[in-house]
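Q: Residue numbers (the numbering used here): 2 to 114.
Laid out in structure tokens, this is it:
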């Protein structure tokens, strides 16, 4: 697991990953601090890692990166940690389009494809 606050290449992240997923990497994005945590078996581990590092729960959203897919298909906005009735998100998928756009912008700024 690592927190990314400065741009890194997807190639280097994929090459140095610790998890055994063959097609994807899990991430959790802090939409307030514009950072993300990457490379764990579960989104909840990444979420905990960010919480320990002073992120706030309501700003953390889980997603998956598929390095071998093209365009916007490489980012999937789905995770159990996204189920938040208190924030009007009753699904594993991030429903709010503004939050999705923030996640997309942060991922595009921090992970160079």
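Just so it is clear, CB atoms sit at the ideal spot from N, CA and C, and this is done for glycine as well.
(1) What does residue 62 pair with, by DSSP beta-bridge criteria?
(2) Please report the straight-line C-alpha distance between residue 16 and residue 4, rounded to a whole angstrom.
(3) Thinking residue 32 and residue 107 are a contact (beta carbons under 8 angstroms), I'd like their distance in whole angstroms, please.
(4) Out of 60, 56, 57 and 68, point me to the one whose CA is closest to residue 40's CA.
(5) Would residue 70 be called buried (16 or more neighbouring beta carbons within 10 Å of its own) or exposed?
(6) If I'm right that residue 65 touches residue 25 with Cβ under 8 angstroms, what's the distance once you round it to whole angstroms?
(7) Excluding the 5 residues preceding and the 5 following residue 11 in the sequence, name in chain order all residues of the same chain whose CB lies nearer than 7 angstroms to its CB.
(8) By Cβ distance below 8 angstroms, which residues in the same chain neighbour residue 62 in space, the five residues on each side in sequence not counted?
(9) In chain order, what are the residue ranges of uninterrupted alpha helix (DSSP H) at least 4 long that sit wholly in the stretch 55-113?
A: Walking through what the data contain:
(1) Within the chain shown, numbered from 1, the residue matching residue 62 stands at position 61. Its beta-bridge partners are 30.
(2) Residue 16 sits at position 15 when you count from the first residue of the chain shown. Residue 4 sits at position 3 when you count from the first residue of the chain shown. Here the C-alpha atom of residue 16 lies approximately 16 angstroms from the C-alpha atom of residue 4.
(3) Here the question's residue 32 lines up with position 31 in the chain shown. Here the question's residue 107 lines up with position 106 in the chain shown. Correct: roughly 7 angstroms between the Cβ atoms.
(4) In the chain shown, residue 40 corresponds to position 39, counting from 1. Measuring from the Cα of residue 40, the nearest candidate turns out to be 68.
(5) Walking along the chain shown from the start, residue 70 turns up at place 69. Residue 70 should be labelled exposed.
(6) Translated into positions along the chain shown, residue 65 becomes position 64. Translated into positions along the chain shown, residue 25 becomes position 24. Residue 65 to residue 25, Cβ: 5 angstroms. Contact.
(7) Counted from its first residue, the chain shown places residue 11 at position 10. 68, 112, 113 and 114.
(8) Taking the chain shown and counting its residues from 1, the one referred to as residue 62 is at position 61. Contacts found: 29, 30, 32, 78, 80, 82, 83, 95, 100 and 104.
(9) Taken in chain order, the complete alpha helix (DSSP H) segments of 4 residues or longer contained in the stretch 55-113 are 98-111.
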